[in-house]
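Undergrad:
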Amino acid sequence: MLCVETIGKIRRRRLVQGESISAIARDLGLARNTVKRALRFEGEAYEYQRVRQPMPKLGPFLATLDGWLEAEEALPARERRTAQRLYEGLCLEGYTGAVDAVRRYARTFERRRRPDTTAFIPQTFASGEAYQFDWSHEHVELGGVDQVVKVAHVRLCHSRAFFLAAYPRESQEMVFDSHARAFEFFGGVPRRGIYDNLKPAVDAILVGRQRRYNRRFLVMCNHYLIEPTACTPASGWEKGQVENQVGNVREWLFTPKVRCTDLAELNAHLAARCLQIARERDHPEQSERKIVELWNEERVDLRAMPIPFDGYAEKSALVSTMCLVTFDRNRYSVESRYVRQVATIRAYAERIIIVCGGEIAGEHRRCFGRGETLYNPWHYVAALARKPGALRNGAPFKDWNLPAPMTRLRERLAKHSDGDRQFVNILSMVALYGLEAVSDACAVGLAEQVVSSAHVVNLLHRAAAPPRLPALQVPEALKLAVEPAANCDRYNQLLRIRPAMPASVDPL
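1209 is the number that the numbering used here gives to position 309 of the sequence shown; each next residue is one higher, with no gaps.
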């Protein structure tokens, strides 16, 4: 293809300066037919367009290839053969050409059968009608370490206000937490939510628009009175607003790379930037107004925000003999009285709660690493009553951060042969009187130079004993005029008096 500049040189040298075609072709390194063609096209750039693509090797197999493509057109996209598989099938039929010819023909067939696949229809949404949800992966620096975080995007379709929240995963509990944060940020709840077929929400894609939603996801939708709508697979234009937002937000908020100490600081930064952008940017359809103006109007049509949904993902696990349950490749401690029982693990975005028999058996911060174990030493205090020796080398008690008086008392008791057992007795008092009271009792014992569990327990019992009642004030009318005197000699007189025995009774 000749560029417009080269065509201009040819035409000026021929039509203005009168040079010959041979001289121009020799000087510019072109064929004479190319120079003649440039003179015929009135200065417009042109390129050679092949009218018919020669297919000397693929030609005999076109009927077979057309039959395959037409038959597979009715199949789902995941069940259709790729161009490489079609090429391999033709090779079995005797085809000796290259795979590129098969690829070109398959693309031509697709364009011929679906000429309008790139046409889109603009969408419009009423105020408070719907929001769109999606995820994106963004590169940030947290605590000096480069990481990839998963960012939840929630966008109001009418006002175009949006909210972002960053998480380590895209799991179900993160979806619940992002919805609670977004609705609180927006000041209400829309009537409908538009999603792609994300795994935390959709268990199975059925015929047409039918979906089998996840039970916990439906519980969340019922809590907020949301009607969930799932897009057609591989049809991102059905939620095009949030799809386009992903690219825009990456440029607005994550370029240059964001640097924060942790996820909490990052999420606070993202919420502030979302509000700032809503105040600064024009609405894409009403350019004379800011996004925040339409957002304030849309709040009237949003439903009032209820109490936040208790957004956790459930999993059952057996409590091991080491008082541990396993979740997401990490282990968490449980109170020792629940050993060998089935526990329900409730995973939140930032914490883990373990429920056993309807009671909370343990609570920990959420760990997102692998192969880590999170202990709560108080979960093992009951077991220490039977195995006090484990206090010294037990993994849960390593670097146990106890109050200073208890730590000093433990060091003093370590010099005794039964020091471990005595300190375990003191620890068992925490469940009855609380950690602060036990710590104060240990401080008093140290001050009195009495290093003993019995003394500490006695101090706790005395401190918790009810106060003595004041002396009873007897009215004057009930007071005795003469106080009775105690005379124990009367008991001795009773001992000297022997009752008379019946005659029929033998006095032996």
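Cβ coordinates follow ideal geometry from the N, Cα and C atoms, glycine included.
Note that this is a predicted model, so its numbers are computed, not measured.
Look up Q871 in the DSSP assignment and say whether it is helix, strand or coil.
TA: With the chain represented from 901 up to 1408, any question about residue 871 goes unanswered, as that position is not in the structure.
Undergrad: Based on Cα-Cα distance, which residue from A1001, R1007, E973, T964 lies nearest to L992?
TA: For L992, the nearest C-alpha among the options comes from T964.
Undergrad: Please classify K1139 as buried or exposed, where buried requires at least 16 neighbouring CB atoms within 10 angstroms.
TA: Result: buried.
Undergrad: Would DSSP call R1047 helix, strand or coil?
TA: First, the residue type needs correcting, since residue 1047 is Gln and not Arg in the sequence shown. Residue state, collapsed to three classes: strand.
Undergrad: Can you name the residues that DSSP bridges to V1040?
TA: Paired residues: Q1047.
Undergrad: Inspect the CB distances between the region 1226 to 1244 and the region 1186 to 1199 and report whether three or more fall short of 8 Å.
TA: No, they do not touch.
Undergrad: Could you give the DSSP three-state label for E1263: helix, strand or coil?
TA: Three-state DSSP puts E1263 in a strand.
Undergrad: What separation, rounded to the nearest whole angstrom, lies between the Cα atoms of A1164 and R1308?
TA: Rounded to whole angstroms, A1164 to R1308 spans 36 Å at the Cα level.
Undergrad: What are the residues that DSSP puts in a beta bridge with E979?
TA: DSSP lists no partner for E979.
Undergrad: Tell me the rounded alpha-carbon separation between V1344 and M1222.
TA: So the alpha carbons of these two residues sit roughly 35 Å apart.
Undergrad: Under the three-state reduction of DSSP, which class applies to L1218: helix, strand or coil?
TA: Strand, per DSSP.
Undergrad: Kindly say whether G1319, judged by its beta-carbon, lies nearer than 9 Å to any beta-carbon of chain C.
TA: Of the chains in the structure shown, none is chain C; there is only one protein chain.
Undergrad: Is it right to say I910 is buried, meaning 16 or more other beta carbons lie within 10 angstroms of its own, or is it exposed?
TA: When all chains shown are included, I910 counts as buried.
Undergrad: Could you compute how far the alpha carbon of N1358 sits from the alpha carbon of A1065?
TA: Using only the alpha carbons, I get a separation of about 53 Å.
Undergrad: Between the alpha carbons of T982 and D1201, how many angstroms are there, rounded?
TA: Cα to Cα, T982 sits roughly 48 Å from D1201.
Undergrad: The beta strand (DSSP E) that contains R1233, what's its start and end?
TA: Correcting the residue type first, residue 1233 is Ser in the shown sequence and not Arg. Note, S1233: beta strand (DSSP E), 1230 to 1233.
Undergrad: Excluding the 5 residues flanking A1178 on each side, which residues of the same chain have their C-beta closer than 7 Å to its C-beta?
TA: If we look at A1178 and ignore the five residues flanking it on each side, its Cβ neighbours are A1061, I1191, V1192, W1195.
Undergrad: Rounding to the nearest angstrom, what Cα-Cα distance links Y1212 and A1247 in this structure?
TA: About 5 Å.
Undergrad: Whose CA, out of D1103, L990, R1115, lies closest to the CA of V1002?
TA: Out of D1103, L990, R1115, L990 has the C-alpha closest to the C-alpha of V1002.
Undergrad: Shortest alpha-carbon distance to L1042 belongs to which of L975, C1256, K1157?
TA: The residue with the shortest Cα to Cα distance from L1042 is K1157.
Undergrad: For P1128 and R1092, what's the separation of their Cα atoms in angstroms?
TA: The alpha-carbon atoms of P1128 and R1092 are separated by roughly 6 Å.
Undergrad: Among residues of its own chain, excluding the 5 on either side of I1397, which ones have a beta-carbon nearer than 6 Å to its beta-carbon?
TA: No residues qualify anywhere along the chain.
Undergrad: Measuring alpha carbon to alpha carbon, tell me which of Q984, L1346, A1331 ends up nearest R999.
TA: Correcting the residue identity first, residue 999 is Val in this sequence and not Arg. Cα-wise, what sits closest to V999 is Q984.
Undergrad: I'd like the list of long-range same chain contacts for S1236, defined as Cβ closer than 7 Å, with 5 residues on each side in sequence excluded.
TA: Excluding positions up to five away in sequence, the list reads C1223, H1279, Y1280, A1282, A1283.
Undergrad: On the DSSP letters alone, give me the boundaries of the alpha helix (DSSP H) that I921 sits inside.
TA: Counting along the chain, the alpha helix (DSSP H) containing I921 begins and ends at 921 to 928.
Undergrad: Would you mind sorting N1114 into buried or exposed? The rule is 16 or more other CB atoms within 10 Å of its CB.
TA: With 16 or more other Cβ atoms within 10 Å, it is buried.
Undergrad: Work out the CA separation of T934 and L902 for me, nearest whole Å.
TA: Their backbone Cα atoms lie some 9 Å apart in a straight line.
Undergrad: Using 8 Å for Cβ pairs, my map puts Y921 next to R937. What's the rounded Cβ distance?
TA: Checking the displayed sequence, the identity of residue 921 turns out to be Ile instead of Tyr. Not a contact, Cβ separation roughly 11 Å.
Undergrad: If distances are taken between C-alpha atoms only, which option among Y1095, E1180, A1080, L1360 comes closest to Y1333?
TA: The candidate whose alpha carbon is nearest that of Y1333 is L1360.
Undergrad: Using the C-alpha atoms, what's the distance from T906 back to H1053?
TA: The alpha-carbon atoms of H1053 and T906 are separated by roughly 50 Å.
Undergrad: When you compare each of G1108, L1153, L986, W1035 to L1098 by their alpha carbons, which one comes out closest?
TA: When each option's Cα is compared against that of L1098, the closest is W1035.
Undergrad: By the three-class DSSP mapping on this structure, what secondary structure does K1379 have?
TA: Here K1379 sits in coil by DSSP.
Undergrad: According to DSSP, is P1128 part of a helix, a strand, or is it coil?
TA: In the structure shown, P1128 sits in a strand (DSSP, three-state: E or B).
Undergrad: Quick check for students: name the residue ranges of the alpha helix (DSSP H) that lie wholly in the region 1164 to 1248, counting only runs of 4 or more.
TA: Correct list: 1191 to 1198.
Undergrad: Taking the alpha carbon of R1011 as the point to measure from, which residue in Y1067, E979, S1059, E973 has its own alpha carbon closest?
TA: When each option's Cα is compared against that of R1011, the closest is E973.
Undergrad: Go ahead and pull the three-state DSSP assignment for Q1032.
TA: Q1032: strand per DSSP, three-state reduction.
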